[in-house]
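Quick note: the sequence shown uses the numbering used here, first residue 61, plus one each step. Cβ atoms here follow ideal geometry from the backbone N, Cα and C, with glycine treated the same way.
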Amino acid sequence: MRIWFNKTFSTINSVFRNIHLAFPVDEVSLICTHTHGNAAAFLAADECHIEPSDLTGFAYLEWCVNFCQQHNIQLFWPGKEAALISQYHDLFLATGTQVLSVADYETLTLLHNKAEFYSQLNPAIAQTMDFIAVNTADEFDLAVADLSKKHERLCVKPAVSVFGLGFRVLDRQRDSISQLLGGIEYQIPLQELRQGMKNTPEFDTLLVMEHLGGHEWSVDCAGRHGELLCAVQRKKPLLAGHGQTIDNNAEIQGMVTRLTEHYQLNGLFNIQFKEGQQGVRLLEINPRPSGGFGMACLSGANLAKIALQSIKGDIVQTPVIQYGLKVTEINTSVIIYS
Numbered sequence: 061m062r063i064w065f066n067k068t069f070s071t072i073n074s075v076f077r078n079i080h081l082a083f084p085v086d087e088v089s090l091i092c093t094h095t096h097g098n099a100a101a102f103l104a105a106d107e108c109h110i111e112p113s114d115l116t117g118f119a120y121l122e123w124c125v126n127f128c129q130q131h132n133i134q135l136f137w138p139g140k141e142a143a144l145i146s147q148y149h150d151l152f153l154a155t156g157t158q159v160l161s162v163a164d165y166e167t168l169t170l171l172h173n174k175a176e177f178y179s180q181l182n183p184a185i186a187q188t189m190d191f192i193a194v195n196t197a198d199e200f201d202l203a204v205a206d207l208s209k210k211h212e213r214l215c216v217k218p219a220v221s222v223f224g225l226g227f228r229v230l231d232r233q234r235d236s237i238s239q240l241l242g243g244i245e246y247q248i249p250l251q252e253l254r255q256g257m258k259n260t261p262e263f264d265t266l267l268v269m270e271h272l273g274g275h276e277w278s279v280d281c282a283g284r285h286g287e288l289l290c291a292v293q294r295k296k297p298l299l300a301g302h303g304q305t306i307d308n309n310a311e312i313q314g315m316v317t318r319l320t321e322h323y324q325l326n327g328l329f330n331i332q333f334k335e336g337q338q339g340v341r342l343l344e345i346n347p348r349p350s351g352g353f354g355m356a357c358l359s360g361a362n363l364a365k366i367a368l369q370s371i372k373g374d375i376v377q378t379p380v381i382q383y384g385l386k387v388t389e390i391n392t393s394v395i396i397y398s
């Protein structure tokens, strides 16, 4: 089977490595494209090509269809423009290519916007943190006043963001110079943020939320159109640098199962949770493998293998997960090319 991964995050390397561990080269070939030749993903792929950097939207979609036809692609696993591509499976099927979409277009679009996602989620499926979406300084002030009645610490994050970009805890005591000199990260002075809003009468949706100060879980999953095939929970330490633990939290497993079914999730995806004063809360669903995907697969569950077996129609055997295992990652120096 010739499988194509277009431009995506560098963490796809772990997926490539685990597929290679499970399938011989003559059975599965991994084709990778990127907009530059130094892409780290090229190091683990069987075949590499450069894709155009100036194409987006329907122009990129057309290029993808042509690429599949020209390179005899049997399975397309999209990263870039994944939501758009999910609407046009028929175009690829006409060339003999199956497309693996994590969800349908409406769901992928919803997951991208945390304000809409949180608002529409039934708490019987999974509970989210207490939050208010704001677009103006006045709305921000009201949100802070309201949430402060119930929660000691608050935080903010753009409704549309990846990798936690823009996340900050609101600091009511220190100014920015104190934070800078103290090496304090991921915090922002409340009054200075409020002052900055005076220059921006209306801004993109910002979430004002209760701060969840407990443990965080990153759950790497393999699914088949709403059926959870396997999930590996990685419990993160409160202090960085102490490794992660392969966990078996029944409450989290229940939420992951219900979320997978509700959104009809498929392939490889990641769901994150964090503990607050009122219990474990859902942070987000990432419709792609996580940065810690390789650590999850050390548990005894090769999630990439499970996902691909499902796609191929093979029998999927439930793996034995080694709960309690402590895992971490180390950096490795490599030569990209010489």
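Distance, residue j Cα to residue i Cα
i	j	result
Ala186	Ser89	38 Å
Tyr120	Ala82	32 Å
Lys372	Leu135	10 Å
Ala300	Arg62	39 Å
Pro261	Leu342	31 Å
Arg213	Leu202	15 Å
Gln313	Asn259	45 Å
Phe76	Leu298	30 Å
Gly339	His211	13 Å
Gly353	Pro379	Position check: residue 353 holds Phe in this sequence, whereas Gly was assumed. Their backbone Cα atoms lie some 16 Å apart in a straight line.
His172	Ala219	8 Å
Ile396	Phe223	25 Å
Asn391	Asp106	22 Å
Ala356	Asp280	7 Å
Gln255	Gly242	22 Å
Leu151	Ser238	56 Å
Asn309	Gly273	18 Å
Leu385	Ser359	7 Å
Gln337	Ser146	38 Å
Ala364	Arg234	46 Å
Gly139	Trp64	10 Å
Glu122	Leu266	35 Å
Met315	His149	29 Å
Thr167	Cys124	22 Å
His302	Leu319	29 Å
Asp198	Glu311	37 Å
Close beta carbons around residue i, own chain, < 6 Å, minus the five adjacent residues each side
i	result
Gly327	Leu160, Val162, Ala367
Asn346	Asn330
Ile381	Ser359, Gly360, Ala361
Ala420	Only positions 61 to 398 of the chain appear in the structure, and residue 420 is not among them; the question remains open.
Pro112	none
Exposure label - residue i; buried when at least 16 CB within 10 Å
i	result
Ser370	buried
Ala99	buried
Glu344	buried
Ile331	buried
Ile248	buried
Lys217	buried
Tyr383	exposed
Asp307	buried
Leu170	buried
Arg348	buried
Val204	buried
Thr157	buried
Ala184	exposed
Close beta carbons around residue i, own chain, < 7 Å, minus the five adjacent residues each side
i	result
Thr317	Leu288
Cys215	Phe227, Arg228, Val229, Leu230, Met269, His271
Leu181	Thr188
Tyr246	Phe227, Arg228, Val229
Leu207	Asp190, Ile192, Leu214, Val268, Glu270
His285	Gln324, Asn326
Cβ pair residue i, residue j closer than 8 Å
i	j	result
Asn73	Leu103	yes
Tyr165	Ala143	yes
Thr93	Asn66	yes
Gly283	Leu240	no
Met257	Phe200	yes
Thr71	Ser350	yes
Ala154	Ala175	no
Ile110	Gly97	yes
Gln304	Thr388	yes
Sequence-distant residues of the same chain with beta carbon closer than 8 Å to residue i, five excluded per side
i	result
Lys263	Just to set this straight, residue 263 is Phe in the shown sequence, not Lys. Excluding positions up to five away in sequence, the list reads Asn195, Thr196, Met257.
Asn362	Asn78, Leu81, Ala82, Pro379
Ile375	Gln369
Leu115	Trp123
Leu250	Val204, Leu230, Asp231, Arg232
Supposed close pair residue i, residue j - CB separation, criterion 8 Å
i	j	result
His275	Glu335	5 Å
Ser236	Glu252	6 Å
Distance cut-off 7 Å: residue i Cβ against heavy atoms of the ligand MG
i	result
Glu311	The model on display carries no ligand, and the ligand MG is accordingly not part of it.
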